[in-house]
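Undergrad: Structure in structure tokens, see below.
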Amino acid sequence: MFFKLIIGCTILFGSLLSNAQVEKMAVIEGGEYIPLYGRDSARIKVDEFAMDIYPVTNGEYLKFIKKNPEWQRSKIKALFADGNYLRHWKNDLELGKKELVEGPVTNVSWFAAKKYCECQGKRLPTLDEWEYVAMADETLPDARIKDTYNEFILGWYEKPQSFNQEVGSTFRNYWGVYDMHGMVWEWTLDFNSVLITGESRRDVDKDTNLFCGSAAIGSSDLMNYAAFMRYAFRGSIKGNFAIRNLGFRCAQDIEPFRKNKLANENF
147 MFFKLIIGCT ILFGSLLSNA QVEKMAVIEG GEYIPLYGRD SARIKVDEFA
197 MDIYPVTNGE YLKFIKKNPE WQRSKIKALF ADGNYLRHWK NDLELGKKEL
247 VEGPVTNVSW FAAKKYCECQ GKRLPTLDEW EYVAMADETL PDARIKDTYN
297 EFILGWYEKP QSFNQEVGST FRNYWGVYDM HGMVWEWTLD FNSVLITGES
347 RRDVDKDTNL FCGSAAIGSS DLMNYAAFMR YAFRGSIKGN FAIRNLGFRC
397 AQDIEPFRKN KLANENF
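At position 19 of the sequence shown (counting the first as 1) the number is 165 in this note's numbering, and the numbers step up by one without a gap.
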């Protein structure tokens, strides 16, 4: 899945982030967690990294495609996005009537999301990074033990029609990140890594029926139905899919982030 795109961008990967970009990222302290499909012996280590506080907005994505017209709706190649790509926009450079400039961009493929982040000098968060941050509520880095937290997430999953809100409309979690739940689903860099056959630490049982009902027996958290839904959703999509309630945010390795922050402070 991780083949290199030949389409370039006007901002090269690794370039200096602006002060505004740096301020819109939160530092996520490293640690370990047990993923949905895993046991104590298969704890996943997550290194310290930085993540966007908010999902990417329509306005931000519009600026990106103005600078990189090959990613506009009428010009993008089918290999990189299906026919749903930005279909809710009026045209290449105009949002739909109901779309908010500060609302999360959706109907964007994995290829487009990945390229957007690269053009900002960032990347998409990995699945483990995303899940690690998503465990948090307002006060705890891991709130999965709280029934009320799981109920809140499930309640949103039953009616995920929140893409017409402005980003930042949901709660600020322990790490200072908004909208992990309650707005849109989000792409991860390795979203399809759950479809494997034993080479991943996550796949301890080599269970090829990962998304069947019996797969719950091997779960580390039988009550975390919200995570079941996320893993199943990821396993059902392809990189060129563009889906109405699927958006994204960017992340960055901690050393480049710190260098950018220091450079902006000394500028």
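Note that the Cβ used here is the ideal one computed from N, Cα and C, for glycine as well.
This structure is a prediction, so every number in the text was calculated from the model and none was measured.
Going by DSSP in three states, Glu-169 sits in which element: helix, strand or coil?
TA: Locating residue 169 in the sequence shown gives position 23, counting from the first residue. Residue state, collapsed to three classes: helix.
Undergrad: Exposed or buried, what is Asp-274 when buried is set at 16 or more other beta-carbons lying within 10 Å of its beta-carbon?
TA: Counted from its first residue, the sequence shown places residue 274 at position 128. Buried.
Undergrad: Relative to the C-alpha of Ile-222, which residue among Ile-190, Gly-249, Ala-259, Pro-201 is closest?
TA: The residue you call residue 222 lines up with position 76 of the sequence shown. Comparing Cα positions, the closest option is Ala-259.
Undergrad: Can you pull the DSSP bridge partners for Arg-269?
TA: As a first step, residue 269 is located in the sequence shown; it is residue number 123 there, counting from the start. Arg-269 is bridged to Ala-397.
Undergrad: Here's the rule I'm using: 16 or more other beta-carbon atoms within 10 Å means buried, otherwise exposed. How should Lys-244 be labelled?
TA: Along the sequence shown, one-based indexing puts residue 244 at 98. That one is exposed.
Undergrad: Can you tell me whether Asn-376 is buried or exposed? The criterion is at least 16 other CB atoms within 10 Å of its CB, across all chains shown.
TA: The residue labelled residue 376 in the question sits at position 230 within the sequence shown. The residue you asked about is not Asn; residue 376 is Arg in the sequence shown. It counts as buried.
Undergrad: With a CB to CB cut of under 6 angstroms and the five nearest residues on each side skipped, what residues in its chain are close to Ile-211?
TA: In the sequence shown, residue 211 corresponds to position 65, counting from 1. Hits under 6 angstroms: Trp-217, Gln-218.
Undergrad: Suppose you measure from the CA of Glu-297 to the CA of Pro-250; what does that come to, to the nearest Å?
TA: Locating residue 297 in the sequence shown gives position 151, where the first residue counts as 1. Locating residue 250 in the sequence shown gives position 104, where the first residue counts as 1. Between Glu-297 and Pro-250, the C-alpha separation is close to 23 angstroms.
Undergrad: Could you pull the start and end residues of the beta strand (DSSP E) that Glu-178 belongs to?
TA: Here residue 178 corresponds to residue number 32 of the sequence shown, with the count starting at 1. Taken as a continuous stretch (DSSP letters only), the beta strand (DSSP E) holding Glu-178 covers 177-179.
Undergrad: Starting from the Cα of Phe-257, find the closest Cα among Ile-299, Arg-189, Gly-393 and give me that residue.
TA: Within the sequence shown, residue 257 is the residue found at index 111, counting from 1. It is Gly-393 whose Cα lies nearest to the Cα of Phe-257.
Undergrad: CB-CB under 6 angstroms to Gly-385, same chain, minus the five flanking residues each way: which ones, in chain order?
TA: Looking up residue 385 in the sequence shown gives position 239. Closer than 6 angstroms at the Cβ level, and outside the excluded window around Gly-385, lie Trp-256, Phe-257.
Undergrad: Phe-195 and Ile-400: beta carbons closer than 7 angstroms?
TA: Here residue 195 refers to the residue found at position 49 when the sequence shown is read from its first residue. Here residue 400 refers to the residue found at position 254 when the sequence shown is read from its first residue. Yes, the Cβ-Cβ distance between Phe-195 and Ile-400 is below 7 angstroms.
Undergrad: In terms of alpha-carbon separation, which member of Asn-406, Gln-398, Phe-403, Ala-409 lies closest to Arg-269?
TA: As a first step, residue 269 must be located in the sequence shown, where it is residue number 123. Among Asn-406, Gln-398, Phe-403, Ala-409, the Cα nearest to that of Arg-269 is on Gln-398.
Undergrad: I'd like to confirm the pairing. Which residues does DSSP put opposite Asn-237 in its beta bridges?
TA: Residue mapping note: residue 237 aligns to position 91 of the sequence shown, counting from 1. The partner list for Asn-237 (beta bridge, DSSP) reads Glu-240.
Undergrad: Quick one: give me the first and last residue of the beta strand (DSSP E) that Ile-190 is part of.
TA: As a first step, residue 190 is located in the sequence shown; it is residue number 44 there, counting from the start. Here the beta strand (DSSP E) through Ile-190 covers 190-192.
Undergrad: Please report the Cβ distance between Arg-380 and Glu-332, rounded to the nearest whole angstrom; I am assuming they are in contact, meaning their Cβ atoms lie under 8 angstroms.
TA: By 1-based counting over the sequence shown, the position of residue 380 is 234. By 1-based counting over the sequence shown, the position of residue 332 is 186. 10 angstroms between Cβ atoms; not a contact.
Undergrad: In terms of alpha-carbon separation, which member of Trp-276, Gly-301, Phe-337, Asp-238 lies closest to Gly-328?
TA: Position 182 of the sequence shown, counting from 1, holds the residue named residue 328. Minimum Cα distance to Gly-328 is reached at Gly-301.
Undergrad: Reducing DSSP to helix, strand and coil, say where Tyr-414 ends up.
TA: No information on residue 414 is available, as it lies outside the stretch 147 to 413 that the chain covers here.
Undergrad: Does any heavy atom of the ligand SAM sit closer than 6 angstroms to the C-beta of Thr-272?
TA: Of ligands this structure carries none, so the ligand SAM is not represented either.
Undergrad: Less than 7 angstroms separating the beta-carbons of Glu-312 and Glu-248?
TA: Taking the first residue of the sequence shown as position 1, residue 312 is located at position 166. Taking the first residue of the sequence shown as position 1, residue 248 is located at position 102. Closer than 7 angstroms, so yes.
Undergrad: Out of Gly-322, Tyr-278, Ile-174, point me to the one whose CA is closest to Glu-284's CA.
TA: For this step, residue 284 is matched to residue 138 along the sequence shown. Among Gly-322, Tyr-278, Ile-174, the Cα nearest to that of Glu-284 belongs to Gly-322.
Undergrad: Closer than 6 angstroms by C-beta to Trp-276: which residues in its own chain qualify, once you throw out the five before and the five after it? Chain order, please.
TA: Translated into the one-based positions of the sequence shown, residue 276 becomes position 130. These residues qualify, in order along the chain: Thr-334.
Undergrad: Using the three-state DSSP reduction, which class does Gly-301 fall into: helix, strand or coil?
TA: Along the sequence shown, read from residue 1 onward, the residue named residue 301 stands at position 155. Note: Gly-301 maps to helix in three-state DSSP.
Undergrad: Do you know how far the Cα of Asn-410 is from the Cα of Ala-378?
TA: On the sequence shown, position 232 is the one that residue 378 refers to. On the sequence shown, position 264 is the one that residue 410 refers to. Approximately 41 angstroms between the Cα atoms of the pair.
Undergrad: Please classify Leu-239 as buried or exposed, where buried requires at least 16 other C-beta atoms within 10 Å of its C-beta.
TA: Within the sequence shown, numbered from 1, the residue matching residue 239 stands at position 93. When all chains shown are included, Leu-239 counts as exposed.
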